[in-house]
Amino acid sequence: MTEDTPAGQSRFVRGNDHLDRLLTDPLLAADVAEAAQVYLEQPHEETAQGTFASMRALDGSLSASVAALTGLPPERIEQLGGAGDWEA
C-alpha cells in the first residue's frame with residue numbers, strides 16, 4: 001500500500017510489460033484476483049505444510065515427479081513400465 005492508496009485497498013504495482021498486457025484481459029484479471037484472494041484467505045501454516053509435504057515427496061527423480069503429477073504411487077508407475085530417467 002502507498003500513501004495515496006486508501007486504507008483497506010490494495011494497489012496493483014505496474015512495471016512488468018508482459019504482465020500488464022495479460023491483465024488487460026478482464027477475464028484473466030478476474031481469475032488472477034480470485035486466485036490471489038483464495039491464497040490470502042488460506043492459513044499460511046497450512047500452505048507451508050503442503051509445500052513441505054510436496055518437497056519431501058519429491059526426491060529429484062523423474063519417477064517422483066511423475067508420481068506427484070499423476071497421483072499414482074511409485075509402485076504403480078513401475079508396474080506400468082516406469083518413468084525412465086531425466087536424460088533418457
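Residue numbers for the sequence shown follow full-length UniProt numbering, so the first one is 1 and each next one is one higher. Using N, Cα and C, we set each Cβ at its ideal position, and we do this for glycine too. As the structure is a computational prediction, the values presented were derived from the model and not from experiment.
The alpha helix (DSSP H) enclosing residue i, as first and last residue numbers
| i | result |
| --- | --- |
| Gly-50 | 44 to 57 |
| Asp-20 | 17 to 22 |
| Ala-64 | 62 to 70 |
| residue 157 | This structure leaves residue 157 out entirely; the chain is present only between 1 and 88. |
| Pro-73 | Here Pro-73 belongs to no alpha helix (DSSP H), and DSSP marks it neither H nor E. |
Residue j beta carbon less than 9 Å from that of residue i
| i | j | result |
| --- | --- | --- |
| Leu-62 | Ala-36 | no |
| Tyr-39 | Thr-51 | no |
Same chain only: Cβ atoms within 6 Å of residue i, ignoring 5 sequence neighbours per side
| i | result |
| --- | --- |
| Glu-34 | none |
| Ala-29 | Leu-23 |
| Val-32 | none |
Cβ separation of residue i and residue j, assumed to be a contact under 8 Å, to the nearest whole Å
| i | j | result |
| --- | --- | --- |
| Ala-67 | Pro-73 | 7 Å |
Beta-carbon proximity list for residue i, same chain, < 8 Å, skipping 5 on both sides
| i | result |
| --- | --- |
| Ile-77 | Ser-63, Val-66, Ala-67, Thr-70, Ala-83 |
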